[in-house]
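One structure is given here, and the rest of the page talks about it.
Numbering (the numbering used here), first residue to last: 74 to 210.
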């Protein structure tokens, strides 16, 4: 049986349209709704949450270093030799992530406000007589 050329071309065209449409619909269905970030590698320094009654915020600075804020005030993060992070508030325990280090600082602070000196690298005492761990009375 010989298939007419017209039937063969229609079949190939229908097959191509079906394949293209299926691929296009698969990509569209896999996209997140507009306004949402696509799934993929996330910045490990990004967080924004309430923890211990405080708003903690973290993001990457201009050179990729982690930046942290506690109730809008900067909290210095230091990288440890083991790959973890510490803060001037709780610099005895290395934490695996910037978020964990900020949470440890909030746990140590309790209800005390964060000292402005907690943002400065290498400054561990408050000249006004505050706590050496960055806490005011």
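Glycine included, C-beta positions come from ideal geometry on N, C-alpha and C. Everything numeric in this text was worked out from a predicted model, so none of it was measured.
| Asked | Found |
| --- | --- |
| Compute the distance between the beta-carbons of residue 137 and residue 119, then report whether it is under 9 Å. | no |
| Applying the 10 Å Cβ sphere with the 16-neighbour rule, what's the burial state of residue 216? | Only positions 74 to 210 of the chain appear in the structure, and residue 216 is not among them; the question remains open. |
| Under the three-state reduction of DSSP, which class applies to residue 112: helix, strand or coil? | Bear in mind that a pLDDT of 48 at residue 112, under 50, signals an unreliable position, so the number given afterwards is only what the model happens to contain. Residue 112 falls in the coil class under three-state DSSP. |
| Can you check which of these residues, 186, 157 and 183, is closest to residue 174 by C-alpha distance? | 157 |
| Starting from residue 141, trace the beta strand (DSSP E) in both directions and tell me its first and last residue. | 139-143 |
| Taking all protein chains shown into account, decide if residue 80 is buried (16 or more other Cβ within 10 angstroms of its Cβ) or exposed. | exposed |
| Note down, in chain order, each residue of its chain lying with its Cβ closer than 7 Å to the Cβ of residue 113, except the 5 sequence neighbours on either side. | Unreliable placement is indicated for residue 113, whose pLDDT of 47 sits below 50; the coordinate value is still reported in the next sentence. Nothing meets the Cβ criterion. |
| Helix or strand or just coil, what does DSSP make of residue 82? | helix |
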